[in-house]
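Numbering (numbering that gives the first Met the number 0), first residue to last: 0 to 141.
We treat Cβ as the ideally placed atom computed from N, Cα and C, and that holds for glycine.
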Amino acid sequence: MPHHITPQLMFEGNAEQAMRFYVSLFDDSDIVRLERYGPEEPGREGSIKQAEFTLAGRRYTCIDSHIKHAFTFTPSISLFVDCKCRKEFERLLEALSAQGETLMPPGDYGFSQRFTWLNDRFGVSWQLNLEAAQPDLEGEAR
């Protein structure tokens, strides 16, 4: 029985750039480990053979594939971010959508105050969510 399930992102040459970008966007995020291809290995020398990083305290791994595949990332699976406030939502939207593709423009879709779905410039799919105000125990909106 596995102890952890860790998402792994496969890039084709820009894993380090993507990882550094993602780590810069979230608190409690860091690059934990970098292993690079050496001169006699199948991948391009210096590219990411295996890396581990954290985003908001959660563990991820990534690689630069040395094989050219007929596929890339798919929006069928995405990283879902519950934003604490509108300012955080807008900051992440601006950063992640730059040179990317919007799948659902920012708006109120009924299930949240503000929501958007996008592919970033590396092809990774993100859903940003600003939850609707929920009443607390006394019925006051938070």
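Measuring CA to CA, which of the options is closest to residue i?
i, options, result
"D107", "N128, G99 and F121", "N128"
"I47", "L92, E130 and L8", "L8"
"G56", "G42, D26 and A69", "D26"
"C142", "D81, V22 and C82", "No answer is possible for residue 142: it lies beyond the span of the chain, which begins at 0 and ends at 141."
"M18", "L95, I4, H3 and H2", "L95"
"P74", "Q98, L102, F114 and L92", "L102"
"E93", "D119, P1 and G37", "D119"
Kindly indicate the opening and closing residues of the beta strand (DSSP E) around residue i.
i, result
"K48", "I47 to L54"
"E34", "D29 to R35"
How big is the Cα-Cα spacing for residue i and residue j?
i, j, result
"F72", "Q49", "18 Å"
"Q16", "C84", "27 Å"
"Q112", "R58", "28 Å"
"L24", "E89", "12 Å"
"G138", "E51", "Note that G138 scores a pLDDT of 49, beneath 50, so its modelled location is shaky; the value from the coordinates is reported in the next line. Rounded to the nearest angstrom, the two C-alpha atoms are 43 Å apart."
"V31", "T53", "7 Å"
"K86", "E39", "47 Å"
"R141", "S28", "Reliability of the predicted coordinates at R141 is poor, the pLDDT of 45 falling under 50, and no value is obtained from them."
Using the rule of at least 16 other Cβ atoms within 10 Å of the residue's Cβ for burial, across every protein chain shown, is residue i buried or exposed?
i, result
"A131", "exposed"
"D81", "exposed"
"F114", "buried"
"A69", "exposed"
"D135", "For D135, the predicted structure reports a pLDDT of 49, less than 50, and the residue's modelled location is therefore unreliable. A value from the coordinates is still provided. Counting Cβ neighbours within 10 Å, D135 comes out exposed, since fewer than 16 surround it."
Is the beta carbon of residue i less than 8 Å from the beta carbon of residue j?
i, j, result
"D63", "E11", "yes"
"L78", "V123", "yes"
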